[in-house]
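Single-structure report; data block below.
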Amino acid sequence: MAISRRRVLVGTAAAAAGAVVAPNLLAGSVQAAAVPMAVSFGKVDITPTADLAMAGYGVDSPRLAQGSNAPLFARCTIFWDNGFPNVIVTADVLAFPRSMHQAIRSRVVPLGIANSDFILTATHTHNGPVLIDELNPYISYNIQPGSDVMNAVESYSAELEDTIVSLVSNTLGAVQVPCTLDYQVANENFAYNREGLPYVEVDVPVLVARSTGGSPLAVLFGYGCHPVSAGGQTLFDPDYPGVACSLLENATGAFAQFLTGPAGDQDPPVNGRDWPLSQSLGSDLGQTVINAIATPGRSVSGPISTAYQEVSLPLDITDTPANLAAVRADYVVRQTSTTAGYTGYYQRHAEVMIGQIDAHSFQTAIPLPLQTWNLPGAAGPLDIALTGGELVSGYGVYFRNRHGGSNGIWVAGYANEIPTYIPSDELLASGGALHYACGWDVDFPGIAGGAMSIYGWLGHFYRPPSTASTSPEQIIIDALTTML
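In the numbering used here, the protein residues as written are 138 to 621.
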């Protein structure tokens with residue numbers, strides 16, 4: 138587990154690695170060390186040109202963009218804790234695959250950022266660009282390898298990686314404004330649990346950096362609801378989080394950045410998904426935050442303690458000839474069946490899985506990054522717990538109950554990389570109303586189904602109660618509890 142070594146980072150870690158440091162980073166850090174807390178921020182337009190394939194909904198013909206409804210942004214907020222940078226980057230994309238996350242992380246850490254002090258998140262808009270690897274472009278969108286469409290996806294993904302690294306570098310060199318930090322939790326109510334479970338996300342965590350005169354400089358806020366309110370369009374759009382950020386910035390003059398909460402099983406209203414609904418929900422959320430920050434929340438400060446580690450979530454795959462033969466036979470049925478429900482991405486997934494079995498190139502476990510930040514406060518600390526993947530709401534419920542409620546902990550998903558949905562034991566056991574987030578289906582419950590298909594995995598996670606110790610829920614809870 139990587140833990141931030143605050144007092145040696147900027148002076149030694151970057152130099153020891155032979156890193157190229159932003160020209161004024163070291164000097165700026167010395168300057169900022171005179172104050173306990175400062176903030177810098179920046180954003181860059183990442184809207185692709187028209188005709189790039191769009192991500193978010195399984196299709197049999199790539200959904201090519203005809204333009205944009207609103208710009209997509211990558212946003213960066215840096216909290217300077219006695220001169221040491223704590224960096225959060227958010228991009229209006231569906232998901233960062235492991236390959237892009239690891240490449241970006243490997244390039245920003247040498248700029249003078251401790252590994253655990255860097256967070257990369259996706260807002261999870263479903264009207265953003267397709268990126269390499271995830272969702273699997275061939276399985277989910279029928280984008281053929283080597284095609285012009287795939288070549289454009291690969292080119293944009295490489296450009297986005299460069300853009301994010303440049304954004305971090307530029308924000309490290311931006312003006313560092315002395316500030317105070319305060320935290321509160323507002324309330325929103327437009328999400329519902331699409332898997333039929335009783336948990337509904339209502340928390341809107343809000344962390345505000347204010348000038349010494351009390352004016353908001355930067356606002357970091359979140360909510361646990363899938364950004365699908367606009368429906369599947371052919372125009373790039375950040376969905377309701379983008380509307381909320383724009384409203385906040387226009388109304389307050391502060392910089393705004395959104396973190397997606399445990400939204401894996403949380404959806405906006407089903408009826409009326411279009412531009413008006415996205416505008417309405419985003420305006421509602423933005424106004425909720427505007428109203429909240431009119432009165433400062435409880436004070437939090439540094440030193441900010443951070444931790445980062447990866448856990449391995451095993452798949453229910455027995456790597457023996459007999460089991461693989463049975464799994465392969467099930468996938469052959471899926472690939473060749475003409476029964477309703479066996480078309481599209483299920484058939485392409487089966488095709489790819491058969492190829493992986495034959496080549497023995499499949500994985501039996503999924504790595505998942507976990508991250509925590511802790512900010513002390515006179516009225517109690519604020520813990521921020523982030524996981525990769527599409528985290529479901531049960532995790533938010535658990536950690537909030539364990540940490541004395543919403544005011545003490547902020548739980549977010551979609552951080553760093555998104556390998557698949559992260560279901561709770563309850564969802565794994567029951568399947569949920571949609572049999573989607575659980576990752577298995579009723580046709581062949583022993584192989585991957587639902588979300589595990591579009592993410593391109595051979596199997597699903599272990600299901601309790603017989604194997605509860607190897608369920609993702611128990612592994613994640615144990616690891617995060619230790620980190621917190």
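Think of the CB as a built atom: it goes at the ideal place given N, C-alpha and C, for glycine as much as any other residue. Everything numeric in this text was worked out from a predicted model, so none of it was measured.
**Request:** State buried or exposed for Q203, treating a residue as buried only when at least 16 other CB atoms are found within 10 Å of its CB.
**Result:** exposed
**Request:** With distances taken Cα to Cα, identify the nearest neighbour of T186 among A228, L372, Y320, P222.
**Result:** L372
**Message:** Taking the alpha carbon of N96 as the reference point, which residue from A192, L231, P199 has its own alpha carbon closest?
**Reply:** Because the chain is modelled from 138 through 621, residue 96 falls outside the range shown and cannot be assessed.
**Item:** Nearest candidate by alpha-carbon position, reference S141, set F255, K180, P582
**Value:** F255
**Message:** By the three-class DSSP mapping on this structure, what secondary structure does S352 have?
**Reply:** coil
**Item:** Separation of Y320 from A431, as counted between CA atoms
**Value:** 12 angstroms
**Message:** Quick check on the burial criterion: 16 or more other C-beta atoms within 10 angstroms. Buried or exposed for T214?
**Reply:** buried
**Request:** To the nearest angstrom, report how far apart V548 and G583 are at their CA atoms.
**Result:** 31 angstroms
**Message:** Tell me the DSSP secondary structure of C575 in three-state form.
**Reply:** coil
**Request:** Using only alpha-carbon positions, find the residue among E296, G283, P208, T349 that is nearest to V314.
**Result:** T349
**Prompt:** Three-state secondary structure (DSSP) at P609?
**Reply:** helix
**Prompt:** Are Y291 and P234 touching if we call contact CB-CB under 8 angstroms?
**Reply:** One point to set straight first is that residue 291 is Glu, not Tyr, in the sequence displayed. Contact flag unset, no.
**Message:** Please confirm whether T184 has its beta-carbon closer than 8 angstroms to some beta-carbon of chain C.
**Reply:** The question asks about chain C, but that chain is absent: this structure has only one protein chain.
**Prompt:** Would you report the Cα separation of G193 and A570, rounded to the nearest angstrom?
**Reply:** 20 angstroms
**Request:** Take the Cβ of G351 as the centre, count every other Cβ of all protein chains shown within 10 Å, and call the residue buried at 16 or more, exposed below.
**Result:** exposed
**Asked** Distance, Cα to Cα, D520 vs S438?
**Response** 12 angstroms
**Message:** What residue range does the alpha helix (DSSP H) around E291 cover?
**Reply:** 285-309
**Beta-carbon separation (whole angstroms), Q500 vs E488, contact threshold 8 angstroms** = About 17 angstroms separates the two Cβ atoms, so there is no contact after all.
**Request:** From the DSSP output, in three-state form, read off M620 for me.
**Result:** helix
**Item:** Integer-rounded CB distance, given that L209 should sit under 8 angstroms from A289
**Value:** About 16 angstroms separates the two Cβ atoms, so there is no contact after all.
**Asked** P582 lies in the alpha helix (DSSP H); which residues open and close that run?
**Response** Where P582 is concerned, there is no enclosing alpha helix (DSSP H), given that its DSSP letter is neither H nor E.
**Close-in-space but distant-in-sequence residues of the same chain around F581 (CB under 6 angstroms, 5 per side omitted)** = D467
**Request:** Enumerate in chain order the residues of its own chain whose CB-to-CB distance from A154 is below 6 angstroms, with the five nearest sequence positions on each side excluded.
**Result:** A caution first: A154 carries a pLDDT of 28, below 50, which makes its placement in the model unreliable, though a value can still be read off. Only P247 meet the Cβ criterion.
**Prompt:** In the DSSP assignment, what are the bridge partners of P222?
**Reply:** W217
**Request:** Could you check if T619 is buried or exposed, using at least 16 other CB atoms within 10 Å of its CB as the buried criterion?
**Result:** exposed
**Item:** Enclosing alpha helix (DSSP H) for A175 [first to last residue]
**Value:** Per DSSP, A175 belongs to no alpha helix (DSSP H); it is in the beta strand (DSSP E), 174-182.
**Request:** Kindly provide the ranges of any beta strand (DSSP E) runs that are 3 or more residues long and lie completely inside the region 228-253, ordered along the chain.
**Result:** none
**Message:** Buried or exposed, going by whether 16 or more other CB atoms sit within 10 Å of the CB of P458?
**Reply:** exposed
**Request:** Specify the secondary structure class of Q484 as computed by DSSP and reduced to three states.
**Result:** helix
**Asked** Which residues in the same chain have their Cβ closer than 6 angstroms to the Cβ of R244, if we skip the five residues on either side of it in sequence?
**Response** V302
**Asked** Whose C-alpha, out of T443, P353, I559, is nearest the C-alpha of A522?
**Response** T443
**Prompt:** Alpha carbon to alpha carbon, how far is I454 from N460?
**Reply:** 8 angstroms
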